[in-house]
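Please read the structure below before turning to the comments.
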Amino acid sequence: MAEPRRPQGTDQVAAALRELGGRLDVPPAPDVRAAVRARLAAGTTPARVRAAGPVRADRVTQLAAALVAFAVLLGGALAFSPRARAAVVEICTFGAVRLHSGERPPWPPPPGAHPGGPRFGGLPPGTRETSLAAARQAASFPVRVPATLGRPDQVLIRGAAPAGFVALRYGPRDGRPPGPVAIELDEFAGSLPPYLDKYVHIGQAVRVRVGSDDGLWIDSPHEVAYLDPTGQTQVEPPRLSGRTLLWQHAGVTYRLEGELSRDVALAIAGSLQ
Amino acid sequence: MEPVRPQRCIRVTGSGRKRGAGGGRLDDAEAVALARDGDLDAFEVLVARHTALAHRTAALLGAGPDAPDVVQEAFVKAYRGLPWFRDGAPFRPWLLRIVANEAHNAHRSSRRRSTAELRLASVDSLAAVAESAESSALRTHRRDLLLAAVRDLPEKYRLVVTCRYFLDLTEAETATVLDWPRGSVKSRLSRALGRLRTALDADLAEEVRHG
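Sequence lines, in order, name chains A and B.
At position 208 of the first sequence the residue is numbered 208 (the numbering used here), and the sequence of numbers has no breaks.
At position 148 of the second sequence the residue is numbered 1148 (the numbering used here), and the sequence of numbers has no breaks.
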């Protein structure tokens, strides 16, 4: 006898769909383990080269060669030619953060750098010293200061008003890491490219929270590339030890560098006012 | 003052089976934690565990013959995206979201617009044998009709039906995979079911009319 004919309720449609799902023609799944592993183990950029123990000379050479090529790529000519800018964007699509292993980044010193005052390292190209009050006037965003560190010993700014980049530097003091610039907090108007959120090609990075914002804790020397408010890609080279806390808040990107532990860095970041 | 820490190495361990905290195999959270530090063996556990569903997802979301490549690419991207993976979040829907993106890109770039990926298996197994001839024909007809109705749905409705019924994802997982708010998953699914019901009722009315 035929089934009673009545309109199907959505429950019945759902059940019919589940049954249909079980009968769909799907080819057997492939085994991709070996292929995936080969790609991950090979690595495709210097960021994935790792030193096991002391850095061996041949690794350093290989790494340095790659990094010099990278540095040249990101050198001064880059910012202006469209093709060069495309190259930067292409690198950025792997992720805006590049990590390099080794105790020190093998960068050549930035052109035009000179030793600053007795307590601080060279000024990055294009920056000039200023006062906190003047920086607050000239910056295109509210400049914040970490309460736990207090007033900075040196304030740098780059760009004419409204300036997109301000750096706060703190010299050595009891309880702080050693070195001419113990801690630096960079603030720049711009956000990390959106694709940083999805496919970041990094080795040593740990996701952290700074208040309600997402951030990255990175403990190797690296660069940060970001989009400034005009849509142009800018790259900031590493200047200190490479221990960095990177986060965004309200359209401003922050980078806190210094030989700090992660917890101390997070505490400093949390104290920004 | 923090001492300078020695460089951390990627731990590429040998081929021994990984042990989790419970002494048995690694669960997803344990595997993710190890993989995030560079343990490729641990990541391979995740690959082995999730390939089948990743592949099914790729296939049903239009990857076509590129499905195996989509799966491979998704796992590579997942590994590289591990620093961004939230501790404690479920790994599977996060992975399937990457698969869905890759499948979408593959589908778009190959210019295939048909929904040919939804096809009934031609050989059904024992279930067909057990049924009588008449009711089997009826069921087959209904299935064909339902499949045709699903294929005719607008894309968003078809996606949510695929996730909820063909991939057996929960509402929360579907929201993650499709990157929709949960409310949208609910409402679109309900509208999709309404449309499918209407299509089936129309067929029913036809049958009644023609005896």
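Glycine included, C-beta positions come from ideal geometry on N, C-alpha and C.
Asked: C-beta neighbour in chain A for L1147/B, strict 8 Å; Found: yes
Asked: Cβ-based neighbour list, L1200/B, same chain, cut-off 8 Å, excluding 5 preceding and 5 following; Found: R1142, L1145, L1146 and A1149
Asked: Whether A1058/B touches V1076/B by CB criterion (8 Å); Found: no
Asked: Backbone CA spacing between R136/A and A189/A [nearest angstrom]; Found: 13 Å
Asked: Chain-order list of residues whose beta-carbon lies under 6 Å from that of P1154/B (same chain, five-residue window excluded); Found: none
Asked: Endpoints, the alpha helix (DSSP H) within which L17/A is located; Found: T10 to G22
Asked: Beta-carbon neighbours of T148/A, restricted to chain B and to distances below 9 Å; Found: None at all; the shortest Cβ gap to chain B is about 16 Å.
Asked: Residue environment, Y254/A, which counts as buried when at least 16 other CB atoms sit within 10 Å; Found: buried
Asked: Beta-carbon proximity check, V1067/B vs L1095/B, cutoff 8 Å; Found: It is worth fixing the name first, because residue 1067/B is Ala in this sequence and not Val. Not a contact, by the Cβ cut-off of 8 Å.
Asked: A34/A burial status per 10 Å Cβ neighbour count (16 or more: buried); Found: exposed
Asked: Selected residue, minimal CA-CA separation from V1177/B, among A1074/B, L1026/B, T1140/B and L1046/B; Found: A1074/B
Asked: DSSP state of D213/A mapped onto helix, strand, coil; Found: strand
Asked: Contact with chain B by T130/A, beta-carbon distance below 8 Å; Found: no
Asked: Three-state secondary structure (DSSP) of E184/A; Found: strand
Asked: Local Cβ density within 10 Å of P1083/B, reported as buried at 16 or more and exposed below that; Found: buried
Asked: Cβ-Cβ distance between T148/A and S271/A below 8 Å; Found: yes
Asked: R1182/B to A1192/B span [Cα, whole Å]; Found: 15 Å
Asked: Proximity to T1138/B [Cα-Cα], best of F1085/B, D1203/B and E1102/B; Found: In the sequence on display, residue 1138/B carries Leu and not Thr. The residue with the shortest Cα to Cα distance from L1138/B is D1203/B.
Asked: Closer than 8 Å to chain A by CB, R1143/B; Found: yes
Asked: Reference A1214/B; option with closest CA among R1151/B, G1064/B and R1086/B; Found: Outside the displayed range of chain B (1001 to 1211) lies residue 1214/B, so it cannot be described from this structure.
Asked: Proximity to N1101/B [Cα-Cα], best of D1087/B, D1179/B and A1205/B; Found: D1179/B
Asked: Interface flag, R37/A vs chain B, CB-CB below 8 Å; Found: yes
Asked: Beta-carbon proximity of H1050/B to R1092/B, cut-off 8 Å; Found: yes
Asked: Same chain, Cβ closer than 7 Å to P142/A, neighbours up to 5 away in sequence not counted; Found: none
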